[in-house]
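Visitor:
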Amino acid sequence: MSRGNISLAALLWFVIAFLVLYPLSILVVESFKIAETGGWGIGNYLEFFQDTYYLKCFWNTLLLSTMVLVTTTVFGVPLAYILARYRHRGKTVFTALILLPIVLPAFAGVFAFIIFFGKYGTANLLLMDTGLFEKPINFIYGLHGLVFIQSLHMLPFIVLGLSAGFTNIDPSFEEAAEVEGASGFRRFFTVTLPLCTPSYLAGAVLVFLWPFTDWLTPLILGQVDFLPSVSYINISYHFTDMHRKYMGIVAVVVSSIVCISLFLFARWWVEKKKYTGLSKGTTSEGRVIEPSVWVKSGAYMYMIFIAILVLLIPIVLGLSAFSRRWVFEAFPTYWTLENFRLILLESPGLIKNSFLFSGIALVFGIVFGLPVAYLIVRTRVPGKDALDFVITLMLAFPGIAIGVSYLLAFWKGIPLAHYWIIMPLALFARRLPYFLRMAHSSYLQLDPSLEEASEVSGAGKIRTFFLISLPLLLKGVLVGVVMFFIMAFQEISTAVFLYKGGWETLPIGIYLNWHRGMEFGIAAAMAFLMIVITFILLLIISRIGGGVLKAAWGAGEQ
């Protein structure tokens with residue numbers, strides 16, 4: 008154990024303590040402050056759990072999480088099975104389309120579906136024009152619409168994990184079950200699905216936690232009785248009612264505790280059992296099943312159905328972006344480039360800030376993430392597992408918790424929130440796990456003997472890293488770079504609490520245009536611009552290699 012590794016670990020822990028542990032501890036401490044007396048106590052928590060409205064919001068959020076998880080599971084399991092087991096044309100295209108929502112802003116889908124499925128949206132107008140219905144159908148407003156939109160957004164997490172899990176199962180296990188007389192469904196539920204438990208839980212936890220973090224989608228749909236939305240509203244109005252501010256902070260802390268508890272429970276559940284077996288292994292493609300003509304046709308129809316729902320988002324936003332008069336019409340009839348002119352000429356700062364803040368956050372992520380990955384995989388420094396755990400735990404923290412904690416911690420005393428650097432710092436803390444998982448998985452795939460040979464030949468650790476390790480890690484690092492940038496680029500739940508005039512990003516610009524009741528064409532043009540940028544970056548990821556993504560987010564070695 009070298010002194011250099013210990014010094015590196017100390018430096019990395021200092022960064023985590025300053026940018027993660029310190030602000031989150033301030034958030035927890037602030038939740039005990041009593042607005043009326045200025046003292047401290049558990050009064051806010053007692054009021055929260057005794058107030059029928061806050062309890063209603065809590066149970067509504069829990070119900071929403073359960074419904075979203077059930078929906079994504081019901082639709083995601085067969086989809087993952089089709090993609091993993093059936094050999095069919097267009098598999099790569101279908102996979103890319105189905106995974107597209109994971110990198111699209113959640114609120115972009117809300118706007119698109121309001122235009123298409125709203126009270127006087129395209130679907131209702133077409134149905135009424137045909138004479139099938141006299142009054143519009145409520146497709147989107149209400150709990151059912153919220154479940155639909157959030158489920159579609161989180162569906163890739165289930166599909167990505169399970170697809171990797173199905174592929175990695177040794178075919179001999181399933182073949183043995185079939186020899187013993189197990190039918191297709193019985194074999195699937197007794198052998199295949201249980202072996203994929205770690206892969207399923209890896210995505211299911213993130214799906215279940217999403218309603219505890221997403222405050223914007225319910226607000227857009229007029230559904231405010233959920234913990235994240237109530238937290239945002241209460242904290243946003245703190246300048247008129249300090250009591251509401253502290254109750255909002257309590258709601259944020261309660262949401263965070265629920266998220267962390269579920270995250271830890273899922274981790275414990277996976278680690279308490281073994282899902283490996285002595286076998287001959289499997290090919291990279293896994294077991295391939297040749298279905299009947301009817302099953303194959305049904306699989307194609309199912310994939311096309313999901314793909315159409317996903318494609319509605321960029322298509323509808325694209326049509327809106329090039330139109331200014333899409334009102335009470337099934338399709339726009341007036342086309343213009345005015346929306347883009349307004350963005351590029353009158354609001355260029357939104358684009359500049361998005362690239363600037365995300366780019367700086369990315370630099371922080373690379374400079375910090377690569378040493379952390381090295382420390383975790385290549386050294387035995389005490390506390391390295393705890394460091395990995397704390398950073399990974401950031402996946403479970405709601406974005407609203409990061410934003411509010413930064414506002415509380417860095418407004419006074421350490422006034423970083425007065426300067427624009429707070430934006431990339433918050434994005435760095437919020438999205439760091441995405442880069443770390445990629446770098447970590449790449450280090451695991453790198454043979455240590457190559458680095459040892461370099462050091463034996465006289466090269467120091469730094470020279471070895473740049474001449475040997477980094478070139479071999481480049482593929483995974485580039486995927487991590489692009490993934491980190493995409494997630495930072497679309498971040499709003501954290502940034503909305505920290506921005507000042509002139510610091511607005513594209514996601515914040517979209518939200519402000521909707522919130523101020525301005526023409527939707529401008530917001531749609533911003534969202535469409537984000538989708539184009541994101542899609543280009545997504546193509547880069549798929550070009551570099553999707554296997555790195557599966558290695559990072561699948562049920563790997565803990």
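Heads up, the sequence shown is in this note's numbering, so the first residue is 8 and it goes up one at a time. Even for Gly, the Cβ is constructed at its ideal location relative to N, Cα and C. Note that the structure is predicted; figures quoted are calculated from it, not measured.
1. Tell me which residues share the same chain as K303 and place their Cβ nearer than 8 Å to its Cβ, disregarding the 5 neighbours each side in the sequence.
2. Quick check on the DSSP output: what are the complete alpha helix (DSSP H) runs of length 4 or more inside the stretch 212-254, in order along the chain?
3. Can you find at least 3 beta carbon pairs, one from the stretch 491-500 and one from the stretch 428-438, that sit closer than 8 Å?
4. What residues in its chain sit with their C-beta under 7 Å from that of W510, if we drop five residues either side in the sequence?
5. Evaluate M308 with the Cβ neighbour count: other Cβ atoms within 10 Å of its Cβ, from every protein chain shown; 16 or more gives buried, anything less gives exposed.
6. Where does Y506 sit, in a helix, a strand or coil, going by DSSP?
7. For W222, I'd like the list of residues in its chain whose CB is within less than 7 Å of its CB, leaving aside the five on either flank, ordered along the chain.
8. When you compare only the Cα positions, how much space is there between L480 and W333?
9. Figure out for me which residue from G467, G410, V484 and P205 has the closest Cα to the Cα of L453.
10. Given a threshold of 16 other Cβ atoms within 10 Å of its Cβ, counted over all protein chains shown, does I49 qualify as buried or as exposed?
11. Using only the alpha-carbon positions, how far apart do W276 and I409 sit?
12. What is the C-beta distance between L357 and L111, in whole angstroms, given that I count them as a contact (C-beta under 8 Å)?
13. Would you say L34 and V259 are within 8 Å of each other, going by their C-beta atoms?
14. Could I get the ranges of all uninterrupted alpha helix (DSSP H) runs contained in the stretch 383-433, with 4 residues as the minimum, in chain order?
15. Just to confirm, is the Cβ distance from L621 to G516 under 8 Å?
16. Beta carbon of L216, beta carbon of L162: below 8 Å?
17. Within 10 Å of its beta-carbon, does G45 have 16 or more other beta-carbons around it, so buried, or fewer, so exposed?
18. Can you check which of these residues, P405, I350, A446 and L324, is closest to V384 by C-alpha distance?
19. List the endpoints of the continuous alpha helix (DSSP H) containing P85.
20. Three Cβ pairs or more, each shorter than 8 Å: is that satisfied between the stretch 313-324 and the stretch 116-123?
21. How big is the Cα-Cα spacing for V198 and S262?
22. Among residues of its own chain, excluding the 5 on either side of R331, which ones have a beta-carbon nearer than 8 Å to its beta-carbon?
23. Sort out for me which residues DSSP pairs K468 with in a bridge.
24. Would I322 and L536 be called neighbours here (beta carbons separated by less than 8 Å)?
25. For L139 and G128, I'd like the C-alpha separation in whole angstroms.
26. With DSSP collapsed to three states, give me the class of K40.
27. Using a threshold of 7 Å, is the CB atom of L351 nearer than that to any non-hydrogen atom of the ligand NAP?
28. If you drop the 5 nearest sequence neighbours on each side, which residues of the same chain put their C-beta closer than 7 Å to that of A566?
Guide: Concretely, from the data shown:
1. Here residue 303 refers to the residue found at position 296 of the sequence shown. Result list for K303: Y93 and H95, in chain order.
2. Here the runs fully enclosed are 223-227 and 234-243.
3. yes
4. Numbered from its first residue, the sequence shown carries residue 510 at position 503. So the qualifying residues of the chain are N360, W427 and M430.
5. Residue mapping note: residue 308 aligns to position 301 of the sequence shown, counting from 1. Counting Cβ neighbours within 10 Å, M308 comes out exposed, since fewer than 16 surround it.
6. As a working mapping, residue 506 is identified with position 499 in the sequence shown. Coil.
7. Here residue 222 refers to the residue found at position 215 of the sequence shown. P235, S236, S238, Y239, I407 and S500, listed in sequence order.
8. As a working note, residue 480 is residue 473 in the sequence shown. As a working note, residue 333 is residue 326 in the sequence shown. Distance between the alpha carbons of L480 and W333: 49 Å.
9. Translated into the one-based positions of the sequence shown, residue 453 becomes position 446. Here the closest residue by C-alpha is V484.
10. Residue mapping note: residue 49 aligns to position 42 of the sequence shown, counting from 1. So I49 counts as exposed.
11. In the sequence shown, counting from the first residue as 1, residue 276 sits at position 269. In the sequence shown, counting from the first residue as 1, residue 409 sits at position 402. Between the alpha carbons of W276 and I409 lies a distance of about 27 Å.
12. Position 350 of the sequence shown, counting from 1, holds the residue named residue 357. Position 104 of the sequence shown, counting from 1, holds the residue named residue 111. Not a contact, Cβ separation roughly 18 Å.
13. Position 27 of the sequence shown, counted from the first residue, corresponds to residue 34. Position 252 of the sequence shown, counted from the first residue, corresponds to residue 259. In this structure, V259 lies closer than 8 Å to L34 by Cβ.
14. 391-400 and 406-416
15. It is not possible to answer for residue 621, since the shown part of the chain is limited to 8 through 565.
16. Translated into the one-based positions of the sequence shown, residue 216 becomes position 209. Translated into the one-based positions of the sequence shown, residue 162 becomes position 155. No. Outside cutoff.
17. Indexing the sequence shown from 1 puts residue 45 at position 38. By the 10 Å Cβ count, G45 comes out exposed.
18. Translated into the one-based positions of the sequence shown, residue 384 becomes position 377. Answer by Cα proximity: A446.
19. Locating residue 85 in the sequence shown gives position 78, where the first residue counts as 1. Run containing P85: T59 to R92, per the alpha helix (DSSP H) assignment.
20. yes
21. For the purposes of this step, residue 198 is taken as residue 191 along the sequence shown, with counting starting at 1. For the purposes of this step, residue 262 is taken as residue 255 along the sequence shown, with counting starting at 1. V198 and S262: Cα-Cα distance of roughly 35 Å.
22. Sequence index remark: in the sequence shown, residue 331 carries index 324 (1-based). For R331, where only same-chain residues beyond five positions count, the Cβ hits under 8 Å are Y341, T343, E345, N346, E526 and G528.
23. Here residue 468 is taken as the residue at index 461 of the sequence shown, counted from 1. By DSSP's assignment, K468 forms no beta bridge with any residue.
24. By one-based count along the sequence shown, residue 322 stands at place 315. By one-based count along the sequence shown, residue 536 stands at place 529. In this structure, L536 does not lie closer than 8 Å to I322 by Cβ.
25. Within the sequence shown, numbered from 1, the residue matching residue 139 stands at position 132. Within the sequence shown, numbered from 1, the residue matching residue 128 stands at position 121. L139 and G128: Cα-Cα distance of roughly 15 Å.
26. Walking along the sequence shown from the start, residue 40 turns up at place 33. Of the three classes helix, strand and coil, the one that applies to K40 here is strand, per DSSP.
27. Ligands displayed in this structure: none; no statement on the ligand NAP is therefore possible.
28. Outside the displayed span of the chain (8 to 565) sits residue 566, for which this structure offers no information.
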